[in-house]
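In our numbering, the protein residues as written are -14 to 586.
Glycine residues also receive a C-beta, built at the ideal position from the N, C-alpha and C atoms.
One structure is given below, encoded as structure tokens.
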């Protein structure tokens, strides 16, 4: 495999090492098998989900279950399951692809799908014993059984390890009796199996268990929750009262539950980002179709600049999100392959492969969940009064989008995690932040070059700017770590600003690299709109980085240090040639309008 011969960037290293465009994976790199899978997934979605979107809004839980069974019959629940346990055993990119394209029609189905294939099945495939996998995974892979995941409790949300659910060993040592209350459990109303986290005695960390859903065994469910969105996603409280679980159903080892939960969430985060992509594409397409048909002042509203600006930003966001998601997915797939080649088991390779890119998973979860909210909001605005009406799918898309900023770890938690994990990696020597940060400090003390660089080549200025944006992060994070050391994690507002800078760097760079790769192989003329979107995204990223950088610098630096860092911020975010934002937006909007929808995937 060629990937095994090249030096794959480790998680977080995008910040301190240059990535060549040839080394990123893009949606345009899909092979024939993957393209066929995408088409069959879209056919299922158009026929069974999008064609009946109103049923999901009417809390038709039975229809969610019915469509989940259909997805099982089509093999769509088994993509990530190893072949040995009845699955397709496909690579990480293919699992992302199905998760992406199956999730765009309704949040109700995508939540059921994600909860089942991800946190409902994956902990067993990644942590289960051979016996556990043989017993449960084939049933989950086909949709004969459905899974759910019981972590959250009334008193344990973001602080997941603080759960009060107890697991007490029976006198004969054959069972654990589980007692406790879990809430917000997706798929609870129709699942056959729960992954339950409980504490044994006074252990520091919780432990995972596989628990079959048997009402005769002390398991009762609360009523279906009344929710803002995802109306047909079954969400209930689950109560365990002396529920007997055989000792052989402990997942992994005692006290390993918190680790299982965190690793399951890493995968869940990048998959959640993928699940927000197709929703953005569909909303953008529906908005454009409407804007092309809606006549006001004797002209289609798509012809108005105010609408074009919205459409251009919507398309740009999803294009950037796709670029970053599939770049990270391929990095994970390559890392898994590398570990398997080194003799790791598939379980170990997948766990470590995803864990390696936990920073990127958090970045993507935050960025894409916030973009989908913005996109659906603008979708409503383009539809005007009709967008506010439940007769069009815009208002349900907006409501469904809202949960994505909360589950799989809130965006606030994920922002702090992204920076916190990067600093920890630096301290372990996995990512050299100190060297580059020191170099940036020395650069600030030196005299800047006043030469005008040659920016004639495509993206030469943009790539130079991305390199300098990385210096902004290194300058701020380096100084903050020096000042606060390990206590940095207590300065949450500062971490949030640093995280926003990190997020924008990763997305802007991913977008430029994708377009550069495609311009080289398909020709620049074929990529005019993509080039415009890449420049537009970077322009907006520079604005955000300027704002967040200034906020951080004036909040923790004083005197000469503050002046020097503000000067550095100005130098590092400076364009030699400012882009014409209106022209870029017009070019993108006109292309999307001519195609009558989003067609860049």
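Opposing strand residues paired with residue i [DSSP bridges]
i: residue 135; result: 181
i: residue 236; result: 193
i: residue 167; result: 223
i: residue 162; result: 153, 229
i: residue 419; result: According to DSSP, which records beta bridges pairwise, residue 419 is partnered with nothing at all.
i: residue 204; result: 225
i: residue 141; result: 138
Cβ shell of residue i (< 8 Å), same chain only, five flanking positions each side left out
i: residue 333; result: 324
i: residue -14; result: With a pLDDT of only 40 at residue -14, under the threshold of 50, the placement of this residue in the model should not be trusted; the figure read from the coordinates follows. Result list for residue -14: 322, 326, in chain order.
i: residue -7; result: 316, 319, 320, 323
i: residue 457; result: 486, 530, 534, 553, 554, 557, 558
i: residue 2; result: -6
i: residue 365; result: 372, 373, 379, 380, 383
i: residue 550; result: 429, 460, 461, 464, 538, 542
Residue environment, residue i, which counts as buried when at least 16 other CB atoms sit within 10 Å
i: residue 576; result: buried
i: residue 220; result: buried
i: residue 560; result: exposed
i: residue 16; result: exposed
i: residue 436; result: exposed
i: residue 24; result: exposed
i: residue 85; result: buried
i: residue 388; result: buried
i: residue -1; result: buried
i: residue 532; result: exposed
i: residue 154; result: exposed
i: residue 36; result: exposed
i: residue 478; result: exposed
i: residue 213; result: exposed
i: residue 430; result: exposed
i: residue 410; result: buried
i: residue 401; result: buried
Option in the options with minimal Cα separation from residue i
i: residue 39; options: 192, 133, 215, 20; result: 215
i: residue 512; options: 205, 231, 496; result: 496
i: residue 518; options: 444, 536, 530, 464; result: 444
i: residue 588; options: 383, 437, 97; result: Nothing about residue 588 can be read from this structure; the chain reaches only from -14 to 586.
i: residue 111; options: 562, 354, 241, 499; result: 241
i: residue 133; options: 585, 160, 104; result: 104
i: residue 157; options: 460, 232, 464; result: 232
i: residue 77; options: 226, 338, 43; result: 338
i: residue 218; options: 424, 460, 42, 462; result: 42
i: residue 117; options: 70, 86, 141; result: 70
i: residue 459; options: 450, 468, 426; result: 426
i: residue 206; options: 313, 173, 230; result: 173
i: residue 463; options: 432, 422, 438; result: 422
i: residue 586; options: 545, 527, 499, 510; result: 499
i: residue 247; options: 340, 369, 262; result: 340
i: residue 277; options: 269, 287, 271; result: 287
i: residue 138; options: 263, 165, 350, 130; result: 165
i: residue 406; options: 473, 544, 373, 509; result: 473
i: residue 542; options: 493, 469, 267; result: 469
i: residue 314; options: 329, 168, 27, 335; result: 335
i: residue 204; options: 210, 234, 162; result: 162
i: residue 67; options: 424, 510, 410, 330; result: 330
i: residue 184; options: 151, 344, 19, 87; result: 151
Sequence-distant residues of its chain with Cβ nearer than 6 Å to residue i (five each side left out)
i: residue 57; result: 127, 128
i: residue 386; result: 357, 358, 361
i: residue 536; result: 482
i: residue 381; result: 42
i: residue 5; result: none
i: residue 574; result: 293, 296, 297
i: residue 102; result: 62
i: residue 123; result: 70, 71
i: residue 489; result: 526, 529, 530
i: residue 492; result: 305, 309, 352
Contacting residues, own chain, Cβ-Cβ under 7 Å from residue i (five flanking each side not counted)
i: residue 13; result: 503
i: residue 100; result: 133, 134, 171, 172
i: residue 569; result: 517, 520, 521
i: residue 136; result: 145, 182, 246
i: residue 60; result: 73
i: residue 398; result: 143
i: residue 227; result: 162, 164, 203
Chain C within 7 Å of residue i, Cβ atoms only
i: residue 21; result: Absent from the structure is chain C; it holds one protein chain and no more.
Can you list the alpha helix (DSSP H) stretches of 4 or more residues lying completely in the stretch 256 to 342, in chain order? 262 to 278, 290 to 326, 331 to 341
If we require 4 or more residues per run, which alpha helix (DSSP H) segments fall completely within the stretch 72 to 121? 77 to 87, 92 to 99, 107 to 112
At 4 residues or longer, what runs of the alpha helix (DSSP H) sit wholly inside the stretch 17 to 73? 17 to 29, 38 to 42, 46 to 58
Identify every run of the alpha helix (DSSP H) within the stretch 479 to 546, keeping only runs that are complete inside it and at least 4 residues long; order them along the chain. 513 to 541
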